[in-house]
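Engineer: One structure is given below, represented as structure tokens, and several questions about it will come after.
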Amino acid sequence: MNRIVCIGSVLWDIIGRTENAMSLGADRPGRITRIPGGVAMNIAQTLARLGVTPVLLTALGRDHPGDELIEAARALGMVTDHIHRSDLPTDTYMAIESGGDLTAAIADAHSLEAIGDAILGPILDGALGRPDAPFDGVIALDGNLTHALLAEIAAHPAFASADLRVAPASPGKIDRLMPFLNCDHATLYINLEEANALSGTADVTAPEAAVTLSRLTRARVLVTDGPRAAAMVGPDGVLTAIPPAVTALRVTGAGDTFMAAHIVAERAGKAPAAALPAALETAARYVSGTD
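Just so we're aligned: the sequence shown equals residues 241 to 531 in this note's numbering.
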């Protein structure tokens, strides 16, 4: 089945963008948009653009913003039948991007965190899998889930046969990925700052960080570093690729786009040496606003 389960945050992104660099307290003209977002939704949107049907497992409120997100997800071709609805408000993310960089952001994912393992019901109760017949496809996981819930997923038999692809929500939540360091069926997609936070080192390049983490984890790790070389360690050593040079018009969701594109490239049978640059090219098109 050409489906991938995306577990995590689906919310509204409110993003202000200006071409000019901003310092603390600055006030600049620009554009403000409200679009479907959240790590799981960002991944799902790229999957859908690349011809894969995403299945969303998330928590949304029984409110108008939640209804709007359901409608938007269905319009994009996503499966929304298993989304958990509650009386808690639908979550929101707010960011300011200036000069092609992220200036500041606040993620309000409190409802997702409060719901806890209720969003996992379809993987546990037979709708998508169960412990004695576990789901054996790709699952994209979002670091906005709580540390306790991610630890449960890493160890739960219902996820033991899945190809787990894990994205941190932010450097500040990187510790939530710790349960997957001993998970040999997981792949972690992180940037250089997150890699150093996870390893407790101060590597200056993605290849160095990938090598460091390869010595600390059983999981596969891909490390990106903005416009500089990305890297992963495989059976044949360190694989690197440099993203295409583009003018950055947006940055929110770039890492999620890279992760989704890499998943699709591998599922299409591309070798590691081809999958990594293919994913970087997709992410570059996203950042430049051409995709």
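Beta carbons are placed, not taken as given, at the ideal position from N, Cα and C, and that holds for glycine.
1. In the region 279 to 327, which residue ranges form an unbroken alpha helix (DSSP H) of at least 4 residues, counting only runs that do not cross its ends?
2. So, with DSSP's three-state summary, where would you put M241?
3. For a quick check, are the C-beta atoms of A380 and A400 less than 9 Å apart?
4. DSSP beta-bridge partners for E337?
5. Can you find at least 3 beta carbon pairs, one from the region 382 to 401 and one from the region 414 to 427, that sit closer than 8 Å?
6. Flag this pair as touching only if the region 480 to 487 and the region 453 to 461 have three or more C-beta atom pairs under 8 Å; answer yes or no.
7. I'd like the list of long-range same chain contacts for M241, defined as Cβ closer than 6 Å, with 5 residues on each side in sequence excluded.
8. Rounded C-beta distance between L352 and A398? I'm assuming under 8 Å.
9. Buried or exposed: which applies to V491, given that a residue is buried once 16 or more other Cβ atoms fall within 10 Å of its Cβ?
10. Taking A288 and S249 to be in contact with their CB atoms under 8 Å, please state how far apart those CB atoms are, rounded to whole angstroms.
11. What residues match up with I247 in a beta bridge as DSSP calls it?
12. Keeping to the same chain, check which residues put their C-beta closer than 6 Å to that of G256; ignore five residues upstream and five downstream.
13. Here's a check: name, in chain order, each residue in its chain whose Cβ is nearer than 7 Å to the Cβ of A471, leaving out the five neighbours to either side.
14. Give every residue of the same chain whose Cβ lies closer than 7 Å to the Cβ of P517, excluding the five residues on either side of it in the sequence, and list them in chain order.
15. With burial defined as no fewer than 16 other Cβ atoms inside 10 Å of the residue's Cβ, what is the status of D496: buried or exposed?
16. What are the partner residues of Y429, as DSSP defines its beta bridges?
17. Compare the C-alpha of L316 against each of D303, G277 and L389 and name the closest.
18. Quick check on the DSSP output: the beta strand (DSSP E) that includes R416 runs from which residue to which?
Structural biologist: So, from the listed chains and residues:
1. 279 to 289 and 304 to 315
2. With a pLDDT of only 47 at M241, under 50, the local geometry of the prediction cannot be trusted, and the value read off the model is given with reservation. Reduced to three states, the DSSP call for M241 is coil.
3. no
4. Answer is R257 and L342.
5. yes
6. no
7. Note that M241 has pLDDT 47, beneath the 50 cutoff, so the model's placement of it is unreliable and the number below is only indicative. So no residue of the chain qualifies.
8. About 20 Å; that fails the 8 Å criterion.
9. buried
10. A288 to S249, Cβ: 17 Å. No contact.
11. As computed with DSSP, I247 is found in a beta bridge with L297 and L381.
12. G270, I272 and I336
13. A446, P447, A450, V463, V478, L479 and T480
14. A481
15. buried
16. Answer is L462, bridged to Y429.
17. G277
18. No beta strand (DSSP E) holds R416; DSSP gives it neither H nor E.
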